[in-house]
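Under UniProt numbering, the first residue of the sequence shown is numbered 1, with each subsequent residue one higher.
What follows is a single structure, written as structure tokens, with notes after it.
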Amino acid sequence: MSMETFDPNQAENLPEIEKQIAVRCVEHAQTYWNLLEKIKGSKLRMTKYDDEIMADFEAILPEVFNDDKAISAVNEDEMKSNEGKKKWREFIGKYEKKMTRFQFYVFEIARCRRGMNDWVYEQAQKAKAVRILSTNADVQLICASTDWRIAAAAAAETMCIVSAL
């Protein structure tokens with residue numbers, strides 16, 4: 001079958017390909033989550049086109065851009081409507097050759113700029129603080145020991161753990 005006669009609406013989904021795509025999606029999501037744990041989303045610059053993408057997003061799809069609810073939860077029905085498809089194709093067309101996963105970047109840049117993903121960073125920082133406090137408490141308990149060599153070894157180990165965090 002040539003690409004000229006290929007109809008994507010009639011194509012069957014092959015389970016092997018679907019599984020491969022799912023694995024890639026999970027890997028991508030984990031990488032993004034790890035990034036959000038290290039950098040506040042509102043401070044994150046995802047691409048060199050962030051400002052341009054957001055300006056075009058506001059100009060072409062202002063009803064989505066200006067609605068936090070539409071940014072936080074994508075309405076697939078609206079995107080897949082005839083009018084939605086037309087607007088998204090116009091928007092995406094400008095960036096087709098510049099980047100992949102464009103729709104992901106549009107929504108995540110908008111979410112990050114609104115601070116909607118900052119909670120991931122804040123949660124990770126709280127967890128890190130709890131680990132440090134726990135480690136310091138362990139050292140204090142060991143320091144109460146009469147053997148100074150055990151206390152010194154524990155303190156040295158704690159310094160390595162804290163610097164690794």
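Even for Gly, the Cβ is constructed at its ideal location relative to N, Cα and C.
Just so we're clear, the structure is a prediction, and the values are computed from it rather than from any experiment.
Check, Outcome
"Tyr-95 vs Phe-104 beta-carbon contact at 9 Å", "no"
"As assigned by DSSP and simplified to three states, the class of Pro-15", "helix"
"Distance CB(Asp-68)-CB(Arg-114) smaller than 9 Å", "yes"
"Own chain partners of Tyr-32 with C-beta closer than 8 Å, once the 5 adjacent residues on each side are dropped", "Glu-108"
"Candidates Ala-129, Asn-13 and Glu-58: closest to Val-106 by CA position", "Glu-58"
"Range covered by the alpha helix (DSSP H) that runs through Lys-86", "82-93"
"For Asp-50 and Leu-61, the rounded distance between their alpha carbons", "16 Å"
"Straight-line Cα distance separating Lys-19 from Ser-42", "33 Å"
"Beta-carbon proximity list for Ala-110, same chain, < 6 Å, skipping 5 on both sides", "Ile-71"
"Rounded distance between the beta-carbons of Tyr-121 and Leu-14, thought under 8 Å", "Going by Cβ atoms, the distance from Leu-14 to Tyr-121 rounds to 38 Å, so no, they are not a contact pair."
"Rounded separation between Gln-30 and Glu-16 - CA only", "21 Å"
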